[in-house]
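Colleague:
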Amino acid sequence: MDDTPLPTANAPESEATDKPTQVHSDNLQLETSPPKTTTTSNDSSQLSPLIKSTHMSSYLGRRVRVVGHILEVREDQSFVLMQSSDGSEIKLVYEADWDLWGKPTRYIEALGTVTDAQTIKLELFIPLGDNLDLQTVNATIDIIHDPRFRQVFFPQSG
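Quick note on full-length UniProt numbering: the sequence shown kicks off at 1 and runs consecutively.
If you want it as structure tokens, here you go:
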């Protein structure tokens with residue numbers, strides 16, 4: 001067996017920053033820095049739920065994931081407008097000095113912290129290509145957040 005480490009989005013400890021990281025789909029780990037503590041897979045505090053824009057006000061200050069279509073990149077103001085799977089716009093803010101959009105795709109999955117009902121501070125994104133059915137993504141998110149299935153997707157939430 002090959003002992004070569006898998007590629008990750010982790011910055012070496014000496015270079016760890018708060019800046020977002022572009023993650024390509026062939027990378028298997030999505031953390032931007034090494035975990036500070038060991039957690040189990042049942043630790044709900046470490047979850048980054050997949051949401052859409054209508055859920056954002058319920059996730060203020062929390063780390064989330066959103067899938068959508070890039071509408072506009074405003075490098076001069078360090079933000080991206082993205083259409084969420086439910087059709088509403090989300091503003092993704094990022095570090096001004098970071099060259100995030102060197103190789104964008106039309107659709108991305110963004111991971112970051114919700115700062116208000118329409119804004120996420122972007123930590124990283126995964127390019128999803130130029131052809132994605134957002135209606136299917138939206139239906140999937142509806143199932144994830146359906147109270148009948150809450151224990152399946154959020155087992156620690158009671």
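From the three backbone atoms N, C-alpha and C, an ideal C-beta is built for every residue, glycine too.
Let me check understanding here. Comparing Cα to Cα, which of S78, F149, Q83, Y59 lies closest to V67?
Modeller: Q83
Colleague: My assumption, with CB atoms under 8 Å, is that N138 sits in contact with K52. Please give the rounded CB distance.
Modeller: 6 Å
Colleague: What does the Cβ neighbour count give for D116, buried or exposed, with the cut at 16 atoms within 10 Å?
Modeller: exposed
Colleague: With DSSP run on the structure shown, which of helix, strand or coil describes D142?
Modeller: helix
Colleague: Measuring straight from C-alpha to C-alpha, what distance separates T119 and K91?
Modeller: 5 Å
Colleague: Would you please state the rounded distance, in angstroms, between the beta carbons of Y107 and H69? I believe it to be under 8 Å.
Modeller: 6 Å
Colleague: Which same chain residues, not among the five before or five after S25, have their C-beta less than 8 Å away from its C-beta?
Modeller: Bear in mind that the predicted position of S25 carries a pLDDT of just 45, short of 50, making it too unreliable to give a figure here.
Colleague: Going by DSSP in three states, P49 sits in which element: helix, strand or coil?
Modeller: coil
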